[in-house]
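Novice: Residue numbering for the sequence shown is 0 to 110, as defined by numbering that gives the first Met the number 0.
The beta-carbon is built from N, C-alpha and C at its ideal position, and this holds for glycine as well.
My questions all concern the structure below.
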Amino acid sequence: MRSVLHFIIATTLITTLYGVELTTEQELKLLNYKRKISPSSRVKYQRLMRYMAKVDRSSAIEKTKRVSNEDIKEIKLKHKNRKLFYYVKTKSYAIKIDAIDGEIIEKRRLD
């Protein structure tokens with residue numbers, strides 16, 4: 000038992016003194032991966048998107064109701080291809096509303 004303990008302590012000290020450093024590229028990959036799975040990063044990302052949006056959620060809901068005459072099933076603020084938009088689903092439609100100027104980007108009928 001003592002020899003195992005001595006071995007563990009010795010290997011810990013050796014790896015601490017002579018530990019291998021990650022390259023910059025490896026470090027950046029890890030940081031990027033960490034950001035993608037970190038819940039706090041997702042919250043910060045959502046807050047930033049809400050801050051950048053000039054059209055609020057309630058305005059997007061009102062516009063969707065006027066265009067489709069249906070109740071909202073789902074609404075999400077999304078960012079894709081340098082565009083910030085609300086993705087709104089109703090019973091029959093999927094509508095994308097620009098979060099900057101409030102214009103309808105896309106309206107498609109769901110089957």
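Going by beta carbon distance, what residues of the same chain come within less than 8 Å of glutamate 102, once the five residues before and after it are set aside?
Specialist: Ile96
Novice: Which term fits tyrosine 85, buried or exposed, when burial requires 16 or more other beta carbons within 10 angstroms of its beta carbon?
Specialist: buried
Novice: If you reduce the DSSP assignment to three classes, tell me which class arginine 46 lands in.
Specialist: helix
Novice: What residues in its chain sit with their C-beta under 8 Å from that of threonine 82, if we drop five residues either side in the sequence?
Specialist: For the record, residue 82 in the displayed sequence is lysine; it is not threonine. Counting only Cβ-Cβ distances below 8 Å, and skipping sequence neighbours, we find Asp97, Ile104.
Novice: Looking at the structure shown, is alanine 59 part of a helix, part of a strand, or coil, going by DSSP?
Specialist: helix
Novice: Give me the Cβ distance between valine 54 and isoleucine 71, rounded to the nearest whole Å; I'm assuming they're in contact under 8 Å.
Specialist: Rounded, the Cβ-Cβ distance is 15 Å, inconsistent with contact.
Novice: According to DSSP, is arginine 108 part of a helix, a strand, or is it coil?
Specialist: strand
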